[in-house]
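A quick write-up on the structure given underneath.
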Amino acid sequence: MLSVLQFHQPQPTYVQGREQIIKFYVTLINITLFLYLKKTNVWYHFRDFEEDEGWIHESLVNKTPTVITNSATANIRSGPGTKNKILFTVDKGIPFKILKRKGKWIHIQHADGDKGWIHKTLVW
């Protein structure tokens, strides 16, 4: 998994595919996680957690370990395990940086600094 660097303004990106030129805009508030399918020179062909595909330049890619919530709602807990206190709840599509793993639990941090633990089945 790779992630896209943060932007505050829309960035037009023109990508030459095999048979056509694809134009798409990258407008990000936080981190967008994607799985890269292949790399051609300085371009990554990617798929995101919603199954959308595209191409992105390597200068926009960050290799920070990252996850994104894939459940309608997910509890973020004070420790690894369901007996730990729920610190906050998040919706689907929220990206987090991975701090560490413990069994089936992942210690995460949001871009705003909030930290907690999430079960691995709740993220992509």
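Take 60 as the starting number for the sequence shown in the working numbering and just add one per residue. Heads up, the beta-carbon is just placed ideally off N, CA and C, and yes, glycines get one too. Bear in mind that the values here come from a model prediction, so they are computed numbers and not experimental data.
Note down the Cα distance separating residue i from residue j, rounded to an integer number of angstroms.
i	j	result
Asn143	Trp102	43 angstroms
Phe108	Gly152	8 angstroms
Lys159	Gly140	14 angstroms
Thr180	Ser130	9 angstroms
His104	Asn121	15 angstroms
Ser137	Ile177	9 angstroms
Can you check DSSP and say which residues form a bridge with residue i?
i	result
His169	Paired residues: none, contrary to the question.
With a CB to CB cut of under 6 angstroms and the five nearest residues on each side skipped, what residues in its chain are close to residue i?
i	result
Thr148	Thr132, Asn134
Ile127	Leu92, Phe108, Pro154, Trp183
Glu117	Val101
Near residue i, what residues of its chain come up, given a Cβ to Cβ distance below 8 angstroms and the 5 sequence neighbours on each side ignored?
i	result
Gly162	Pro139
His166	Pro139, Ile157, Leu158, Lys159, Arg160, Lys174, Gly175, Trp176
Following the continuous beta strand (DSSP E) through residue i, name the residue where it begins and the one where it ends.
i	result
Asp150	145–150
So, for residue i: in the same chain, excluding its five sequence neighbours on each side, which residues have a beta-carbon less than 7 angstroms away from its beta-carbon?
i	result
Lys97	His104
Gln168	Phe155, Lys156, Leu158, Lys174
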